[in-house]
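Scroll down for the structure; my scribbles are underneath it.
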Amino acid sequence: LILCCRIIYFMDSTSLISMFLPDGILDYFEITNVLKSEEGFKIYLSEKNSPPAEFAPAKLTSKGFFDEITVQDFPIRDMKSYLHIKRRRWINESTGDIVYRNWNMVAKGTRMTHEFASFLKEIARYKASKR
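Residue numbers (my numbering): 37 to 167.
Given below as structure tokens:
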């Protein structure tokens, strides 16, 4: 028991929080904040600035984020948990088009847990506006 507690004690906070997130999410997102309130836990995630593979030959420049979406996740210690997600967008320098990660392609191109696939389906429901 003492060894177990020491291992957890030495883990950084990102590693600890990642245990409560869908497997694979930190491949695409980084944790920017975690808040605990009477309402529950709020975990803030921002998409990493790694352009989508399907646009690899094009020169892409990050142009910020779409509006934040909130997805309710599994409860943590009987408290609600919410993932506040900011998806990134890029501009294709040669065409001027706004591009963003196609989560359906991510799902097809990787082996993932059922939980992560469900997470991707949930965030794909929110159409990215072209703002």
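Quick reminder that beta carbons are idealized off the backbone N, C-alpha and C, glycines included.
8 Å Cβ shell around residue i - same chain, five flanking residues per side excluded
i, result
"D133", "I127"
"R161", "none"
"T146", "Low local confidence applies: a pLDDT of 48 at T146 is under 50, so the model's placement there is unreliable, with the coordinate-based value given in what follows. Taken in chain order, the residues that qualify are G60."
Anticipated Cβ contact below 8 Å, residue i with residue j, distance rounded
i, j, result
"S98", "R124", "6 Å"
Three-state secondary structure assigned by DSSP to residue i
i, result
"S82", "strand"
"P63", "First, the residue type needs correcting, since residue 63 is Asp and not Pro in the sequence shown. Correct three-state label for D63: helix."
"L57", "coil"
"S130", "coil"
"R161", "coil"
"F110", "strand"
"G145", "Any reading at G145 must be qualified, since the residue scores a pLDDT of 49, below 50, and its modelled position is unreliable; no value is offered."
"S51", "helix"
"S154", "helix"
"F101", "strand"
Close Cβ partners of residue i (< 7 Å) along its chain, the five nearest in sequence each way excluded
i, result
"K116", "E75, G76 and Q108"
"A94", "N128 and S130"
Cutoff 6 Å; reference residue i; Cβ partners in own chain excluding five residues on either side
i, result
"N69", "Y80"
"P87", "L96 and W126"
"F101", "K122 and R124"
"N135", "It should be pointed out that residue 135 corresponds to Val in this sequence rather than to Asn. Excluding residues within five positions, the ones whose Cβ falls inside 6 Å are F91, W126 and N128."
Top-ranked residue by Cα proximity to residue i, from the options
i, options, result
"I67", "D114, L119 and A89", "L119"
"I112", "D63, N138 and S73", "S73"
"S82", "I105, A89, A94 and L71", "I105"
"E129", "A92, N138 and F110", "A92"
"N138", "D114, F110, A89 and A94", "A89"
"N85", "L62, K78 and I53", "L62"
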